[in-house]
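*Asks:* Next up is a structure, given as structure tokens.
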Amino acid sequence: MIPLVAPKLLPKLYGVDIGKRGLGGKHDGEKVPESMGIVSGCVFMICIGVIQVCVARGNDQLMEFNASLSSICFAVLLGLCDDIIDIKWKHKLQIGAFMALPLLISYQGGTTILIPEIGPLRKFFNDNKSMGDTFIGNLLQIEIDGEGSLFDLGFLYYVYMFVLIVFCTNSINIYAGINGLEVGQSVVMACSVSVVNLLELTWRGGSQEDILSGDGRNHLFSLMLMLPFISTSLALLKFNFYPAKVFVGDVYPYYAGMTLATSAILGHFAKSLFLLMVPQLLNFVYSLPQLFHFVPIPRHRLPKINLKTGFVEASKVAPNDDRANMTLLCAALRLFGPMHERTLCIVLLTFQVLCACLGIGFRYAIAGLF
Numbered sequence: 007m008i009p010l011v012a013p014k015l016l017p018k019l020y021g022v023d024i025g026k027r028g029l030g031g032k033h034d035g036e037k038v039p040e041s042m043g044i045v046s047g048c049v050f051m052i053c054i055g056v057i058q059v060c061v062a063r064g065n066d067q068l069m070e071f072n073a074s075l076s077s078i079c080f081a082v083l084l085g086l087c088d089d090i091i092d093i094k095w096k097h098k099l100q101i102g103a104f105m106a107l108p109l110l111i112s113y114q115g116g117t118t119i120l121i122p123e124i125g126p127l128r129k130f131f132n133d134n135k136s137m138g139d140t141f142i143g144n145l146l147q148i149e150i151d152g153e154g155s156l157f158d159l160g161f162l163y164y165v166y167m168f169v170l171i172v173f174c175t176n177s178i179n180i181y182a183g184i185n186g187l188e189v190g191q192s193v194v195m196a197c198s199v200s201v202v203n204l205l206e207l208t209w210r211g212g213s214q215e216d217i218l219s220g221d222g223r224n225h226l227f228s229l230m231l232m233l234p235f236i237s238t239s240l241a242l243l244k245f246n247f248y249p250a251k252v253f254v255g256d257v258y259p260y261y262a263g264m265t266l267a268t269s270a271i272l273g274h275f276a277k278s279l280f281l282l283m284v285p286q287l288l289n290f291v292y293s294l295p296q297l298f299h300f301v302p303i304p305r306h307r308l309p310k311i312n313l314k315t316g317f318v319e320a321s322k323v324a325p326n327d328d329r330a331n332m333t334l335l336c337a338a339l340r341l342f343g344p345m346h347e348r349t350l351c352i353v354l355l356t357f358q359v360l361c362a363c364l365g366i367g368f369r370y371a372i373a374g375l376f
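Position in the sequence shown counted from 1, then plus 6, gives you the numbering used here.
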């Protein structure tokens, strides 16, 4: 659908690739269709609707599918509005609160976490059941039968899920700026989530009863979200990778982040998702001084193009300031030196894959502590 929709959007919604401006050639100043993430998002939602008709049984499953589609649809609309009218960050965060409501309301999983057997940590919680008389104790509960191993966060777990949704929908948008990076990192994270789901389902046995036992149904639901997402994203990546024939706009980062958050929350492994988003966490933490204006922040923090070499270099925070913008893209360019935009994207996606592999390994390595 992308080759069909792109020419129709080009006259009214387009952008110019800043990274190729001044290089000459056919791509210099070329108008590129914008917001093509909406095609991927719409096809994805159609796929999920078809899956819902085929497999959803009972009110609980229907509610999960409807909540997922509602939240993802809100994310697509927010991204499209941002592309058209350029919504301010404070307003996007406020809208994000309403965007997360269907997902949080439909969540039926537990709010209890396991305390790891690290030193006296579990014994500490078991010996301090009396803290229930305190303000913190009114929010948290310790399961007595679990001897301090089970810690019920209650309402705070919903706060955590809300923070996760807001982070996912914005972290991809912050960690962007070159052709293919937004879609590429999302595909890697989605594949990582799929691997976790497949491992959990495989270890349950081969029969249908074993697969659907315990949290198996939740992992299967998460996998049903991820496979169509990966397929539609790979199709978009074909047109968005260097040299980009289309731009994904703000639609794709919001919808991709919401899809990942939905898959993790309704798949009941929300705590593990951060292990698969290490580059996004690093980029966010590294960007905090600029995001809070302790360091000057320009409108665009994209790497700058060297017109003589054709390579991208770390951009500066201001014309008369030698400090580089605080993003992983600029950090990679400072570490490895100037490189071609395609090469930079491959380097960052390789780092994403390595972090995902380490995250999955770490997740199951520490499982014995619980």
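Ideal Cβ positions, reconstructed from N, Cα and C, are used throughout, including at glycine.
Given the structure is predicted, the values throughout are model-derived calculations rather than measurements.
Can the beta-carbon of C174 be found less than 8 Å from the beta-carbon of A267?
*Replies:* yes
*Asks:* Which of the three DSSP states, helix, strand or coil, is assigned to K37?
*Replies:* strand
*Asks:* So L346 and G273 are in contact, right, with Cβ under 8 Å, and what is the actual spacing, rounded?
*Replies:* The sequence shown places His at residue 346, rather than the Leu named in the question. With 8 Å as the limit, H346 and G273 do not qualify as a contact, their Cβ atoms being about 38 Å apart.
*Asks:* Does the beta-carbon of Q358 have 16 or more other beta-carbons within 10 angstroms, so that it is buried, or is it exposed?
*Replies:* buried
*Asks:* Going by DSSP in three states, D66 sits in which element: helix, strand or coil?
*Replies:* helix
*Asks:* Is it buried or exposed, A103, if we count other Cβ atoms within 10 angstroms and call 16 or more buried?
*Replies:* A103 counts as exposed, since fewer than 16 other C-beta atoms from the protein chains shown sit within 10 angstroms of its C-beta.
*Asks:* I'd like the span of the beta strand (DSSP E) that includes V323, first residue to last.
*Replies:* K322 to A324
*Asks:* If I'm right that V82 touches V257 with Cβ under 8 Å, what's the distance once you round it to whole angstroms?
*Replies:* So it is a contact: roughly 6 Å between Cβ atoms.
*Asks:* Using the rule of at least 16 other Cβ atoms within 10 Å of the residue's Cβ for burial, across every protein chain shown, is P309 buried or exposed?
*Replies:* buried
*Asks:* Answer yes or no: do G43 and Y292 have a C-beta to C-beta separation smaller than 8 Å?
*Replies:* no
*Asks:* Can you tell me where the alpha helix (DSSP H) holding L182 begins and where it ends?
*Replies:* For the record, residue 182 in the displayed sequence is Ala; it is not Leu. First-last for A182: undefined, no H or E at that position.
*Asks:* Take the Cβ of K98 as the centre, count every other Cβ of all protein chains shown within 10 Å, and call the residue buried at 16 or more, exposed below.
*Replies:* buried
*Asks:* So, at 6 Å on beta carbons, what are the nonlocal neighbours of F141 in its own chain, with the 5 sequence-adjacent residues on each side left out?
*Replies:* Confidence at F141 is low in this model, with a pLDDT of 45, below 50, so its placement is unreliable and the value that follows should be read with caution. Excluding positions up to five away in sequence, the list is empty.
*Asks:* Please list the terminal residues of the continuous alpha helix (DSSP H) segment that includes R400.
*Replies:* The structure shown does not extend to residue 400, since the chain spans only 7 to 376, so no value can be given for it.
*Asks:* What residue range does the alpha helix (DSSP H) around R223 cover?
*Replies:* Segment G222 to N246, the alpha helix (DSSP H) holding R223.
*Asks:* Keeping to the same chain, check which residues put their C-beta closer than 7 Å to that of V248; ignore five residues upstream and five downstream.
*Replies:* The sequence given here places Tyr at residue 248; Val does not occur at that position. N185, G186, E347, R348 and C351.
*Asks:* By alpha-carbon positions, which one of L287, V254, K277 and Q296 ends up nearest to G116?
*Replies:* K277
*Asks:* Does the Cβ-Cβ distance between I54 and L86 come in under 8 Å?
*Replies:* no
*Asks:* Rounded to whole angstroms, what is the Cα-Cα separation between F253 and F157?
*Replies:* 45 Å
*Asks:* Which of the three DSSP states, helix, strand or coil, is assigned to A250?
*Replies:* coil
*Asks:* With distances taken between CB atoms, is the gap from F227 to E70 smaller than 8 Å?
*Replies:* yes
*Asks:* DSSP state of D139, grouped into three classes?
*Replies:* The predicted model places D139 with a pLDDT of 47, which falls under 50 and marks its position as unreliable; any figure quoted below should be read in that light. D139 falls in the helix class under three-state DSSP.
*Asks:* On the criterion of 16 or more Cβ atoms from any shown chain inside 10 Å, does N378 qualify as buried, or is it exposed?
*Replies:* Because the chain here runs from 7 to 376, residue 378 falls outside it and cannot be looked at.
*Asks:* Quick one: what's A330 bridged to in DSSP?
*Replies:* DSSP output for A330 lists K322 as bridge partner(s).
*Asks:* Does the region 319 to 335 come within contact of the region 300 to 309, defined as at least 3 CB pairs closer than 8 Å?
*Replies:* yes
*Asks:* Below 8 Å on the Cβ atoms is my contact criterion, and I expect P259 with I178 to pass it. Report the Cβ-Cβ distance as a whole number of Å.
*Replies:* 4 Å
*Asks:* In the DSSP assignment, find the unbroken alpha helix (DSSP H) run with T349 in it and report its ends.
*Replies:* E347 to A371
*Asks:* Please report the residue range of the alpha helix (DSSP H) in which F290 lies.
*Replies:* V284 to L297
*Asks:* List the residues that DSSP assigns as beta-bridge partners of K310.
*Replies:* E319
*Asks:* Can you tell which of S321, P344 and Q191 has its C-alpha closest to the C-alpha of T315?
*Replies:* P344
*Asks:* Kindly indicate if chain B contains any beta-carbon less than 8 Å away from that of I352.
*Replies:* This model lacks chain B altogether; it includes just one protein chain.
*Asks:* Note down, in chain order, each residue of its chain lying with its Cβ closer than 6 Å to the Cβ of N203, except the 5 sequence neighbours on either side.
*Replies:* H225, S228 and L229
*Asks:* DSSP puts I415 in a beta bridge; with which residues?
*Replies:* This structure does not reach residue 415, given that the chain is present from 7 up to 376, and the question cannot be answered.
*Asks:* Assign T265 to buried or exposed, taking buried as 16 or more other Cβ atoms, counted over all protein chains shown, within 10 Å of its Cβ.
*Replies:* buried
*Asks:* For R340, is the classification buried or exposed, using 16 other Cβ atoms within 10 angstroms of its Cβ as the cut-off for buried?
*Replies:* exposed
*Asks:* Please list, in chain order, all residues of the same chain as C48 whose beta carbon is under 7 Å from its beta carbon, the five residues on each side excluded.
*Replies:* none
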